[in-house]
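A short write-up of the structure that comes next.
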Amino acid sequence: MKYSFKQLAVFDAVASQESVSAAARKLSMTQSAVSMSLSQFENVLDRPLFTRQGNRLTLNHWGRWLRPKAKRLLQDAQQIEFGLHDQQIISGNIMLCSSQTAAEHILPNLISKIDSDFPELRIELMVENTDHVIKRLLNHECDLGIIEGRNDDDRINQKTLIDDHLVVFTNPHHPYAKSDVVSLAQLEQGKWVIREIGAGTRRIFDGAVHGLIENINVWKAYESVPVLKAMVRNGFYLGCLPYLDVAQEVESGHLVILPTPQLDMKRSLAFVWRKDAGENPLRDCILAEARRFVSDHEKKKDKTGVRLSYR
Numbered sequence: 010m011k012y013s014f015k016q017l018a019v020f021d022a023v024a025s026q027e028s029v030s031a032a033a034r035k036l037s038m039t040q041s042a043v044s045m046s047l048s049q050f051e052n053v054l055d056r057p058l059f060t061r062q063g064n065r066l067t068l069n070h071w072g073r074w075l076r077p078k079a080k081r082l083l084q085d086a087q088q089i090e091f092g093l094h095d096q097q098i099i100s101g102n103i104m105l106c107s108s109q110t111a112a113e114h115i116l117p118n119l120i121s122k123i124d125s126d127f128p129e130l131r132i133e134l135m136v137e138n139t140d141h142v143i144k145r146l147l148n149h150e151c152d153l154g155i156i157e158g159r160n161d162d163d164r165i166n167q168k169t170l171i172d173d174h175l176v177v178f179t180n181p182h183h184p185y186a187k188s189d190v191v192s193l194a195q196l197e198q199g200k201w202v203i204r205e206i207g208a209g210t211r212r213i214f215d216g217a218v219h220g221l222i223e224n225i226n227v228w229k230a231y232e233s234v235p236v237l238k239a240m241v242r243n244g245f246y247l248g249c250l251p252y253l254d255v256a257q258e259v260e261s262g263h264l265v266i267l268p269t270p271q272l273d274m275k276r277s278l279a280f281v282w283r284k285d286a287g288e289n290p291l292r293d294c295i296l297a298e299a300r301r302f303v304s305d306h307e308k309k310k311d312k313t314g315v316r317l318s319y320r
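Residues 10 to 320 (this note's numbering) are what the sequence shown spells out, left to right.
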């Protein structure tokens, strides 16, 4: 073998950071050492792997072809390095990028359970909106993702984690709060604060009102769920979020769910990963643990009315 695992690691870091200096910081190497290693790697392969635009390096055709294969080799090497510590086959690091609902309501207990059962499995967590989760997967910046709603990119595998639904909500003092049914005309007249474009929640909401309501008055859009809930709680706004995100405030009486039978806002939370990622025992372990986690919840009567189901 003419190339080294160090050169593979340098290549992967530069591809991730799109910068030699940033890759050097990530790897705790000097910038000159990273540049030399990358140059030697390209010489061994007899072709460039990046398009250079000033200080920015982006993968060219050959670099994109090589990236998933290099990551698999690095993951295999890491598995060997960790070894079978205490007869623990599942060991190593995996980068998980999750949308907000799963990160807040599902992952804390799931990761805690995995840590108890597989102490050598280290999960690094990032929280993004659905579009950014997909982009990070495609850019090889994470190994596994959780998104809200549907993904149509044919480069991505998808496995449903739970079924869920969105609700329209407001505060108890809003004129709509006592309505038996809130009509489409009332929803069109309301002032809305909702998630930003690119969020899975926003995509489900936009799809639900499409063709039913001509103009939605989106007053403000935020990435932060707590900000949206605070604005609705303290002002005369309408909001739309997953039930899991507002259940506590509804139970305490600070928020009210509005009956909107004409809107179909069912959705799912799903695991996603690249189709070309190959086998990954760490990913398979997380998927299996998630299946058991949801199954355990199905056996209990869910007081919120949200039935968790893993498909």
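Beta carbons are placed, not taken as given, at the ideal position from N, Cα and C, and that holds for glycine.
{"query": "Proximity of A2 and I203 at Cβ, strictly below 8 Å", "result": "Outside the displayed span of the chain (10 to 320) sits residue 2, for which this structure offers no information."}
{"query": "Within 8 Å, strictly: CB atoms of R165 and R283", "result": "The residue asked about is misnamed: residue 165 is Ile in this sequence, not Arg. Going by C-beta atoms, I165 is nearer than 8 Å to R283."}
{"query": "Collapsed DSSP secondary structure at L278 in the structure displayed", "result": "strand"}
{"query": "Residue span of the alpha helix (DSSP H) that contains H174, given as start and end", "result": "Segment 165-179 is the beta strand (DSSP E) holding H174; no alpha helix (DSSP H) there."}
{"query": "Cα-Cα separation between P181 and L264, rounded to whole angstroms", "result": "6 Å"}
{"query": "Nearest residue (CA-CA) to D161, options V281, R34, R292", "result": "V281"}
{"query": "Sufficient close CB pairs (3 or more, under 8 Å) joining the stretch 98-116 to the stretch 238-256", "result": "yes"}
{"query": "Near the ligand SAH: L68 beta-carbon under 7 Å from a heavy atom", "result": "In terms of ligand content, the structure shown is empty, and the ligand SAH therefore cannot be addressed."}
{"query": "Helix, strand or coil at D95 according to DSSP, with G and I counted as helix", "result": "Caution is warranted here: a pLDDT of 43 is assigned to D95, below 50, making its placement in the model unreliable, and the coordinate value is therefore given only provisionally. In this structure, D95 counts as helix in the three-state DSSP scheme."}
{"query": "Where the beta strand (DSSP E) through T60 begins and ends", "result": "59-62"}
{"query": "Contact under 8 Å by Cβ, E298 with I123", "result": "yes"}
{"query": "Cβ-Cβ distance between L272 and V218 below 8 Å", "result": "yes"}
{"query": "Proximity winner among H114, D85, C106, relative to S100 (alpha-carbon distances)", "result": "D85"}
{"query": "Exposed unless 16 or more other CB atoms sit within 10 angstroms - verdict on F245", "result": "exposed"}
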